[in-house]
Amino acid sequence: EAGVAQSPRYKIIEKRQSVAFWCNPISGHATLYWYQQILGQGPKLLIQFQNNGVVDDSQLPKDRFSAERLKGVDSTLKIQPAKLEDSAVYLCASSLFRYRVGTEAFFGQGTRLTVV
Amino acid sequence: EDKVVQSPLSLVVHEGDTVTLNCSYEVTNFRSLLWYKQEKKAPTFLFMLTSSGIEKKSGRLSSILDKKELFSILNITATQTGDSAIYLCAVTSGSRLTFGEGTQLTVNP
Chain H
13 EAGVAQSPRY KIIEKRQSVA FWCNPISGHA TLYWYQQILG QGPKLLIQFQ
63 NNGVVDDSQL PKDRFSAERL KGVDSTLKIQ PAKLEDSAVY LCASSLFRYR
113 VGTEAFFGQG TRLTVV
Chain Y
6 EDKVVQSPLS LVVHEGDTVT LNCSYEVTNF RSLLWYKQEK KAPTFLFMLT
56 SSGIEKKSGR LSSILDKKEL FSILNITATQ TGDSAIYLCA VTSGSRLTFG
106 EGTQLTVNP
């Protein structure tokens, strides 16, 4: 079974530039998550999709971050404009269900973003 | 606000030692507690715990949940250098998965 695919693996940009990350979840997984993990911290949920609808974006900095999952499969996360504090690993995860009992999330390899 | 607290934040041991990692939580509508191992970037799933007192075991790793006291422990016996990683505890409440800060485990030869 193919895992969660993310690209790019690494990205270095200057502050105020824009960047986009792509995620392809495990086939058949309806739920998709984007997490931000700053060095030395645990992952923080940015946004959660159920199919192509947003179910939780309460921690997404909406003035600069946006995400979409148009056809309920692939998703993109965009940052515009980037700030130095956005330097982090961006993890995409997917699961069959919305975290009901008995379901775990599977993670992609992540994208390491460095903003200089 | 949901909260997951892990301790210790970092731990250095020698090969062969046994370690216990702790995870306490305060969440509404608890559903399950999960342990992940993160070596480079992607956390990999270890255990899911939903019921108190039932130990989950996989090789040298085991974990148990106490829903009354709101905590879980992850035990690793006979540690190996390959166990060096960040161990993440996460709790599902409602539809959200909240992570702790992780425990950085270093196993020296």
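Taken in sequence, the protein lines are chains H and Y.
Taking the numbering used here, the leading residue of the first sequence gets 13, the next gets one more, and so forth.
Taking the numbering used here, the leading residue of the second sequence gets 6, the next gets one more, and so forth.
C-beta atoms are modelled at their ideal positions from N, C-alpha and C, and glycine is treated no differently.
Query: Buried versus exposed call for L14(Y) [16 or more other C-beta atoms within 10 Å across all chains shown]; Result: exposed
Query: Supposed contact pair N64(H) and L82(H) - C-beta distance, whole angstroms, cut 8 angstroms; Result: 6 angstroms
Query: Beta-bridge partners of R124(H), as assigned by DSSP; Result: Y22(H), V101(H)
Query: Same chain, Cβ closer than 8 angstroms to I59(Y), neighbours up to 5 away in sequence not counted; Result: I69, L70
Query: Cβ contact check for the region 75-95 of chain H and the region 30-50 of chain H: 3 or more pairs under 8 angstroms; Result: yes
Query: Interface partners of E116(H) on chain Y, CB under 7 angstroms; Result: L39, F50, M53
Query: At least three beta-carbon pairs within less than 8 angstroms, the region 79-86 of chain Y to the region 47-65 of chain Y; Result: yes
Query: Chain Y contact residues for D75(H), given Cβ-Cβ distances below 7 angstroms; Result: Chain Y residues near D75(H): none, gap ~21 angstroms exceeds 7 angstroms.
Query: Contact list for G122(H) against chain Y, beta-carbon separation under 8 angstroms; Result: K46, A47
Query: Rounded separation between D68(H) and R28(H) - CA only; Result: 26 angstroms
Query: Any chain H beta carbon closer than 8 angstroms to G76(Y); Result: For the sequence presented, residue 76(Y) should be read as Phe rather than Gly. Cβ-Cβ to chain H under 8 angstroms: no for F76(Y).
Query: Nearest-angstrom Cα separation, counted from Y92(Y) out to S29(Y); Result: 14 angstroms
Query: Sequence-distant residues of its chain with Cβ nearer than 6 angstroms to P37(H) (five each side left out); Result: V16, L44, S106
Query: Min CB distance V67(H) to chain Y below 8 angstroms; Result: yes
Query: CA nearest to the CA of G84(H), picked from V127(H), A42(H), E26(H); Result: A42(H)
Query: Cβ shell of L26(Y) (< 6 angstroms), same chain only, five flanking positions each side left out; Result: L79, Y92, T108
Query: D98(H) classed as buried or exposed, judged by whether at least 16 other C-beta atoms fall within 10 angstroms; Result: buried
Query: Whole runs of the beta strand (DSSP E) within the region 38-84 of chain H, excluding any shorter than 3 residues; Result: 43-49, 56-62, 65-68, 77-80
Query: T111(Y) - DSSP class collapsed to helix/strand/coil; Result: strand
Query: Spatially closest choice to Q71(H) from Q53(H), Y47(H), Q62(H), A94(H), by CA coordinates; Result: Y47(H)
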